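S.K.:
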Amino acid sequence: MAMFGKKGAELVREAKQTLATEDQFRPFNQDLFEQVVKETDEHYAHLQERMSQIKANESSEAVDPNFVGGCAQHRSVLRNKRCLLAYVNARMSKIKQLRWDLGAVLPDDITANLSSTERTFFQGYSEALSSYMADINLDLTVDATPPKDPYVQIRVIGNLGEVLLDDQETSLLPHSIHFMTRTEAEPLVMQGLLEIYQG
Amino acid sequence: MDDAGTSERQDGSGTYGVGGLVDSLDELGTDEVASDVVLLRRVWQNEKCAPEILPYEASLVERVREQIQLMEENIEAFATEIKDDLMLSLYRMDVNRTLFLLRSYLRARLSKIERHPIHIIDNQELWDRLSEYEQEYTNKYCEVLAKHFEQTVLIRLPEQYGSMLKQTSLASEENDMITQPHLNTFVFCRSRGAIGSFQLDDKGDESVDLMTNDLYILRYKPIRKLLETDQIELI
Chain A
1 MAMFGKKGAE LVREAKQTLA TEDQFRPFNQ DLFEQVVKET DEHYAHLQER MSQIKANESS
61 EAVDPNFVGG CAQHRSVLRN KRCLLAYVNA RMSKIKQLRW DLGAVLPDDI TANLSSTERT
121 FFQGYSEALS SYMADINLDL TVDATPPKDP YVQIRVIGNL GEVLLDDQET SLLPHSIHFM
181 TRTEAEPLVM QGLLEIYQG
Chain W
1001 MDDAGTSERQ DGSGTYGVGG LVDSLDELGT DEVASDVVLL RRVWQNEKCA PEILPYEASL
1061 VERVREQIQL MEENIEAFAT EIKDDLMLSL YRMDVNRTLF LLRSYLRARL SKIERHPIHI
1121 IDNQELWDRL SEYEQEYTNK YCEVLAKHFE QTVLIRLPEQ YGSMLKQTSL ASEENDMITQ
1181 PHLNTFVFCR SRGAIGSFQL DDKGDESVDL MTNDLYILRY KPIRKLLETD QIELI
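The listed protein sequences derive, respectively, from chains A and W.
Quick note, the first sequence lines up with residues 1 to 199 if you use the numbering used here.
Quick note, the second sequence lines up with residues 1001 to 1235 if you use the numbering used here.
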């Protein structure tokens, strides 16, 4: 057996890096994850072995060394459980942030780095948040920073064609620069169709 | 608020100059708007600084939202007639700032719910502090959270270790895996009135003289009651 808890520590380090890398999303480290799960199973198998020996030696008066060994195995299982959950939890908080930053639909390059259960979680979280915002009839994902100016200058990236802005039809041609209210611009910036243009 | 003025404005029959807009926005009850916004600002600040979730300010949120809607309608109605872009822009900015406060307040609450969802569900007092929709959200959130942990990690562990609430079913009798907010953390606060001597612990060894408008750094737990009764505000 490998050193107790070493793989778990690696997994936690991986979690920390996941949180630290800001502009990209690291793929789910299935390999390391599986190793920790496997190690946990081994610890548990050893623990059960110790337990049965403790039962067998019950009659003897002396302190059973199996007891100490069993404790170590038991603590190792608990520790690995913590590490596994911490890793999943760290990624989860990052996934939640994606919902706030990018909206309900994720770009393919990010989706590719999520595990299948994480994709399900994103869907569930996104639905819960969307339905809450629909209930209160207020989009909470805009306005993340205190507004300084109600208008912003933007540059069109994607092809939007004719859109209704401020109840007026405006044609947003690619690369054209416009002045519009922040509340109207923000959702489009989030979708990557516009960018904030600084002189 | 002047009722006659309101109905006239809603007809949209009268022609208003710049002065008309200013007057009519004043008629919205600027005093009332201001005080509710000031109140919302304080509520928002408290919510942001307190380690635990505070009671939902349902009627305040309701009032502020009505006022925002009214102001937006009025700005829209006068946008076509008004010549003074600067004034219009100032009113828009005002609405946007209030909207930001409101959104930020609700966001701060969601983030607290997400930090300790199970603790909140288990604790009736905290649960009652949520709005109806927040309660719905908490339930849904807990569901996806539990499902995710279950399917990713817990199902892979030996049976006795596979609980989300307990470290192990072998030894733990209570749910020992639920995180709780640290109520003993220090917070910055300002006294809103001369409260006088206030005890910080049960024994009475430690007490502090709370003077009007003075700033203090105190532990959250003992001053909770003062926050509930609005005698202090967190900053």
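We treat Cβ as the ideally placed atom computed from N, Cα and C, and that holds for glycine.
Nothing here was measured: the structure is a model prediction, and the numbers come from that model.
According to DSSP, is LEU1126/W part of a helix, a strand, or is it coil?
M.R.: Correct three-state label for LEU1126/W: helix.
S.K.: DSSP on LEU1165/W, reduced to helix/strand/coil?
M.R.: Coil, per DSSP.
S.K.: Looking only at its chain, what residues have a beta carbon closer than 7 Å to the beta carbon of GLU195/A, apart from the 5 residues adjacent to it on each side?
M.R.: Around GLU195/A: ILE154, ARG155, ILE157 and VAL189.
S.K.: Quick one: measure Cβ to Cβ for LEU1090/W and LEU1040/W, integer angstroms, because I've assumed they're closer than 8 Å.
M.R.: With a Cβ gap of about 19 Å, LEU1090/W and LEU1040/W do not count as contacting.
S.K.: Taking all protein chains shown into account, decide if ILE1223/W is buried (16 or more other Cβ within 10 angstroms of its Cβ) or exposed.
M.R.: Buried, by the Cβ-count rule.
S.K.: Which of the three DSSP states, helix, strand or coil, is assigned to THR1179/W?
M.R.: Of the three classes helix, strand and coil, the one that applies to THR1179/W here is coil, per DSSP.
S.K.: Give me the DSSP bridge partner(s) of HIS178/A.
M.R.: The partner list for HIS178/A (beta bridge, DSSP) reads ILE154/A.
S.K.: Leaving out five residues before and five after SER1197/W in sequence, what residues of the same chain have Cβ atoms less than 7 Å from its Cβ?
M.R.: Excluding residues within five positions, the ones whose Cβ falls inside 7 Å are SER1207 and ASP1209.
S.K.: Starting from the beta carbon of ASP143/A, find every residue of chain W whose beta carbon is closer than 7 Å, and list them in chain order.
M.R.: Simply LEU1099, PHE1100 and ARG1103.
S.K.: Near ASP1230/W, which residues of its chain fall below 8 Å by C-beta distance, leaving aside the five closest residues on each side in sequence?
M.R.: These residues qualify, in order along the chain: ARG1192.
S.K.: Short of 8 Å in beta carbon distance, which residues of its chain neighbour PHE28/A, apart from the five on each side in sequence? Order them along the chain.
M.R.: Within the same chain, PHE28/A has close Cβ partners ARG91, ASN113, LEU114, SER115 and GLU118.
S.K.: Short of 7 Å in beta carbon distance, which residues of its chain neighbour MET1202/W, apart from the five on each side in sequence? Order them along the chain.
M.R.: Position check: residue 1202/W holds Asp in this sequence, whereas Met was assumed. There are no such residues.
S.K.: Taking contact to mean at least 3 C-beta pairs separated by less than 8 Å, is the segment 42-62 of chain A in contact with the segment 71-83 of chain A?
M.R.: At 8 Å Cβ cutoff, the stretches touch.
S.K.: In the DSSP assignment, find the beta strand (DSSP E) that holds ASP109/A and state where it starts and stops.
M.R.: From DSSP, ASP109/A is part of no beta strand (DSSP E) but of the alpha helix (DSSP H) over 108-111.
S.K.: Go through its chain and collect everything with a Cβ distance to LEU1025/W's Cβ below 6 Å, but skip five positions before and after it.
M.R.: Note on LEU1025/W: pLDDT 47, under 50, position unreliable in the model; the coordinate value appears next. Cβ neighbours of LEU1025/W beyond the five flanking positions: none.
S.K.: If the criterion is Cβ atoms closer than 9 Å, does the pair THR1185/W and ARG1129/W meet it?
M.R.: No, these two residues do not count as a Cβ contact at 9 Å.
S.K.: Quick one, are the C-beta atoms of THR18/A and LYS94/A less than 9 Å apart?
M.R.: Result yes, Cβ atoms of THR18/A and LYS94/A sit closer than 9 Å.
S.K.: Counting C-beta neighbours from all protein chains within 10 Å, is the total for PRO1117/W 16 or more, i.e. buried, or is it exposed?
M.R.: When all chains shown are included, PRO1117/W counts as buried.
S.K.: Buried or exposed for LYS16/A, going by 16 or more other Cβ atoms inside 10 Å?
M.R.: It counts as exposed.
S.K.: If you follow the beta strand (DSSP E) that PHE1186/W is part of, which residue opens it and which one closes it?
M.R.: Counting along the chain, the beta strand (DSSP E) containing PHE1186/W begins and ends at 1186-1191.
S.K.: Below 8 Å on the Cβ atoms is my guess for ILE1120/W versus THR1138/W; work out the distance and round it to an integer in Å.
M.R.: So it is a contact: roughly 6 Å between Cβ atoms.
S.K.: By the 10 Å Cβ neighbour count, where 16 or more other Cβ atoms means buried, how is ALA104/A classified, buried or exposed?
M.R.: It is exposed - the Cβ of ALA104/A has fewer than 16 other Cβ atoms within 10 Å.
S.K.: Cα separation between LEU193/A and ASN159/A?
M.R.: Their Cα atoms are separated by approximately 7 Å.
S.K.: Are the CB atoms of HIS1148/W and THR120/A within a distance shorter than 9 Å?
M.R.: Taking 9 Å as the Cβ cut-off, THR120/A and HIS1148/W qualify as a contacting pair.
S.K.: Start and end of the alpha helix (DSSP H) containing VAL12/A?
M.R.: Run containing VAL12/A: 6-20, per the alpha helix (DSSP H) assignment.
S.K.: Is PRO1051/W buried or exposed, if buried means 16 or more other CB atoms sit within 10 Å of its CB?
M.R.: Flag for PRO1051/W reads buried.
S.K.: For a contact defined as C-beta to C-beta under 7 Å, what are the partners of VAL1153/W on chain A?
M.R.: Correct list: LEU84, LEU85 and VAL88.
S.K.: Hey, is SER1089/W's beta-carbon within less than 9 Å of any beta-carbon in chain A?
M.R.: Chain A contact via Cβ: present.
S.K.: Name the chain W residues whose beta carbon is nearer than 8 Å to that of GLN9/A?
M.R.: Checking the sequence, you will find Ala at residue 9/A rather than Gln. Those do not exist, as ALA9/A stays about 17 Å from chain W at its closest Cβ, beyond 8 Å.
S.K.: Thinking C-alpha only, which one of VAL12/A, GLU49/A, PHE33/A and ASP101/A is nearest GLU22/A?
M.R.: For GLU22/A, the nearest C-alpha among the options comes from ASP101/A.
S.K.: Less than 6 Å between C-beta atoms, sequence neighbours within five positions excluded: which residues of the same chain meet that for ALA86/A?
M.R.: These residues qualify, in order along the chain: VAL12 and ALA15.
S.K.: Go through its chain and collect everything with a Cβ distance to GLU1072/W's Cβ below 7 Å, but skip five positions before and after it.
M.R.: The residues are VAL1095.
S.K.: Quick one: give me the first and last residue of the beta strand (DSSP E) that ARG1103/W is part of.
M.R.: Element bounds for ARG1103/W: not the beta strand (DSSP E) but the alpha helix (DSSP H), 1085-1115.
S.K.: Quick one: is PHE67/A buried, meaning 16 or more other Cβ sit within 10 Å of its Cβ, or exposed?
M.R.: Exposed, since its Cβ has fewer than 16 Cβ neighbours within 10 Å.
S.K.: Identify which residue in LEU1099/W, THR1179/W, THR1168/W and GLN1124/W has its Cα closest to the Cα of ASN213/A.
M.R.: Coverage of chain A is limited to positions 1 through 199, which leaves residue 213/A absent and any answer about it impossible.
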